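Visitor:
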Ligand SMILES: [Zn+2]
Ligand SMILES: [Zn+2]
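Residue numbers (our numbering): 140 to 479.
As structure tokens, this is what we get:
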């Protein structure tokens with residue numbers, strides 16, 4: 140099969156590799172679409188490293204069709220349309236047993252720890268597959284696997300009540316999905332914060348109550364408070380120590396904050412916010428497999444719309460050009476999808 144192989148920072152290398160062979164409990168998928176995540180862009184740019192030494196096939200936002208079954212698989216059939224839960228987990232460790240497989244001790248993420256889907260075919264455990272109805276395109280399915288499910292899992296940690304005010308920092312594809320989940324599923328009033336006007340317009344289209352244009356040189360916390368009085372909850376989708384701090388500073392006493400944007404840099408945290416104001420700060424990683432069928436139902440019934448998140452599509456042969464465009468931010472983009 141053809142694959143785009145990561146061999147270290149720099150362009151992916153397109154080459155022929157052997158087709159994967161599904162083992163016991165595994166299936167072989169014909170990959171139809173794979174989203175290009177900003178994680179992948181960072182890896183190619185040398186700003187982030189996969190947990191497996193190269194060569195490695197990247198790509199974890201997968202939709203496809205079952206083409207072969209390994210021994211012992213009877214939960215799916217050849218020809219079925221599916222999407223893939225991106226975390227391969229052991230099912231045995233304490234976190235898996237308590238229903239938090241995204242924290243599995245043995246977790247392996249597609250395209251980071253093991254070969255992913257920038258390729259013609261992918262082998263995965265059958266239990267990682269979720270059926271995709273014919274009414275949802277493969278590209279939309281790829282959005283559901285990560286950009287929607289990760290946002291949904293993060294919003295669910297806030298236990299939002301109707302009409303509560305939630306400030307969402309960053310209106311990229313995950314932030315926009317969090318906005319539509321918070322507004323349309325929980326009935327919360329969302330204030331979206333971003334530096335780009337077109338993203339704020341999209342935030343309003345996704346159900347945001349108000350938007351705030353961030354200014355790099357200004358603390359936006361007073362602006363947020365003047366818009367809503369009290370901010371009940373905040374979410375950060377940027378991964379910037381400054382916006383982490385603003386999210387935590389903006390919420391009322393007893394407010395809740397979820398940090399989703401990835402950063403490895405320490406940031407200042409006022410202990411008073413935690414012990415005197417009882418602000419609850421947590422993070423959120425990926426999603427739970429059980430959340431994905433629910434999200435498929437919401438997309439199928441049009442309560443959530445993800446079609447408009449697909450701003451670019453390309454062939455596997457053009458993947459490097461598309462990654463370069465995403466890295467340079469040379470076009471307005473949310474999610475670019477590779478179509479096999
Ligand atoms: Zn992703
Ligand atoms: Zn486990």
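In this text, a Cβ means the ideal position worked out from N, Cα and C, and glycines have one as well.
Since the model is a prediction, treat every value here as computed from it, not as a measurement.
CA-CA distance, residue 479 and residue 391?
Guide: 48 Å
Visitor: Thinking just about the alpha-carbon of each residue, which of 469, 335 and 345 is nearest to the one in residue 353?
Guide: 335
Visitor: How is the alpha helix (DSSP H) around residue 179 delimited, first residue to last?
Guide: 177 to 183
Visitor: If we require 3 or more residues per run, which beta strand (DSSP E) segments fall completely within the segment 338 to 408?
Guide: 349 to 352, 372 to 375 and 395 to 398
Visitor: Decide if residue 414 is buried, meaning its Cβ has at least 16 other Cβ atoms within 10 Å, or exposed.
Guide: exposed
Visitor: In terms of residue numbering, what span does the alpha helix (DSSP H) encompassing residue 211 cover?
Guide: Segment: none, residue 211 is in no alpha helix (DSSP H) and carries neither H nor E.
Visitor: Is the shortest distance between the beta-carbon of residue 140 and the beta-carbons of chain C less than 8 Å?
Guide: This model lacks chain C altogether; it includes just one protein chain.
Visitor: Quick one: does the C-beta of residue 450 sit closer than 7 Å to a heavy atom of ligand 1?
Guide: no
Visitor: Rounding to the nearest angstrom, what Cα-Cα distance links residue 307 and residue 323 in this structure?
Guide: 14 Å
Visitor: Does the separation of the CB atoms of residue 291 and residue 434 fall below 8 Å?
Guide: yes
Visitor: Can you tell me whether residue 473 is buried or exposed? The criterion is at least 16 other CB atoms within 10 Å of its CB, across all chains shown.
Guide: buried
Visitor: Looking at the unbroken alpha helix (DSSP H) that takes in residue 235, where does it start and where does it end?
Guide: 233 to 236
Visitor: In the DSSP assignment, find the alpha helix (DSSP H) that holds residue 419 and state where it starts and stops.
Guide: Note, residue 419: premise wrong, no alpha helix (DSSP H); beta strand (DSSP E) at 419 to 422.
Visitor: For the structure I just gave you, are there three or more beta carbon pairs, one from the segment 257 to 275 and one from the segment 432 to 446, closer than 8 Å?
Guide: yes
Visitor: Answer yes or no: do residue 179 and residue 197 have a C-beta to C-beta separation smaller than 8 Å?
Guide: Cβ atoms of residue 179 and residue 197: closer than 8 Å.
Visitor: Mind listing, in chain order, the residues whose beta carbon lies closer than 6 Å to a non-hydrogen atom of ligand 1?
Guide: 176, 178, 199, 200 and 285
Visitor: According to DSSP, is residue 301 helix, strand or coil?
Guide: coil
Visitor: Say yes only if the C-beta of residue 237 is nearer than 7 Å to one or more non-hydrogen atoms of ligand 2, and no if none qualify.
Guide: False, no ligand heavy atom lies under 7 Å from that Cβ.
Visitor: Check whether the Cβ atoms of residue 304 and residue 370 lie closer than 8 Å to each other.
Guide: yes
Visitor: May I ask whether a heavy atom of ligand 2 can be found less than 7 Å away from the beta carbon of residue 232?
Guide: It does: the Cβ of residue 232 is within 7 Å (strictly closer) of some heavy atom of ligand 2.
Visitor: For residue 165, which residues of its own chain have a beta-carbon under 6 Å away from its beta-carbon, when the five flanking residues on both sides are left out?
Guide: 209, 262 and 264
Visitor: Does ligand 2 have even one heavy atom less than 7 Å from the beta-carbon of residue 243?
Guide: yes
Visitor: Closer than 7 Å to a non-hydrogen atom of ligand 2 - does that hold for the CB of residue 248?
Guide: no
Visitor: Just to confirm my understanding: we take residue 431, look at its own chain, exclude 5 residues before and 5 after, and list those with CB closer than 8 Å. What are they?
Guide: 222, 224, 269, 283, 284 and 288
Visitor: Around the Cβ of residue 376, are there at least 16 other Cβ atoms within 10 angstroms (buried) or fewer (exposed)?
Guide: buried
Visitor: Please determine whether the Cβ atom of residue 240 lies at a distance below 7 Å from any heavy atom of ligand 2.
Guide: yes
Visitor: What does DSSP give as the partner residue(s) for residue 145 in the beta ladder?
Guide: 195
Visitor: Please state the DSSP three-state secondary structure of residue 311.
Guide: In this structure, residue 311 counts as coil in the three-state DSSP scheme.
Visitor: Would you mind sorting residue 281 into buried or exposed? The rule is 16 or more other CB atoms within 10 Å of its CB.
Guide: Here residue 281 is buried, its C-beta having at least 16 other C-beta atoms within 10 Å.
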